[in-house]
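Numbering-wise, our numbering comes out as the position in the sequence shown, counting from 1, plus 904.
Notes follow once the structure below has been shown.
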Amino acid sequence: MTGYTKAYRARASKVAALITKNPELPIFAEVDSEVVADDGYNTWFGEMRGAYITELWSGQTKVWEHNEAKNEPDDLLDSECPYLDEWESLSQTEYNERTDRWIETRPWTKCIVIQVGTPDDL
């Protein structure tokens, strides 16, 4: 068995284990832009690089990961939250409470994400 095949099987085993342990979760692909950089193709081929469980929310500007939103909320809030102007006069504590609550009340979807990159050996 080649090194590539061993590495692929290890990644595939991880994905299979996540799916087996969490059959109720939807599965989404996170695809590197270099895989689908040309709009002229009807299909694309990528290589599975890994998988993980996360929570996603599809906002107006992009799909956000919950961890990203909690750890770096300013990008999400600036792009998505319609209340920032209203909350401008609040104390920092009240502002933080409102923004934290707003982030937590998005309809986050817990899911399995499969990471897809450009194939190395196709």
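We put the CB at the ideal spot given by N, CA and C, even for glycine.
- Task: Determine the extent of the alpha helix (DSSP H) in which A973 is found, giving its start and end residues.
- Result: In the DSSP annotation of this structure, the continuous segment of the alpha helix (DSSP H) that includes A973 starts and ends at 970-975.
- Give the straight-line distance between the Cα atoms of K910 and R953, rounded to the nearest whole angstrom. If I take the Cα positions, the gap works out to 13 Å.
- Query: Do the CB positions of W1012 and L929 come within less than 9 Å of each other?
  - Reply: No.
- Message: Based on DSSP bridge pairs, tell me the residues matched to Q1019.
- Response: Looking at the DSSP output, Q1019 bridges to E934, G954.
- Query: So what's K925 in DSSP terms, helix, strand or just coil?
  - Reply: It is helical.
- Item | Burial state of T867, where buried means 16 or more other Cβ atoms lie within 10 Å | In the structure as shown, the chain begins at 905 and stops at 1026. Residue 867 is therefore absent and cannot be evaluated.
- Taking the Cβ atom as the reference point for each residue, do G963 and S983 lie within a distance shorter than 9 Å? Annotated as proximal: G963 and S983, with beta-carbon spacing under 9 Å.
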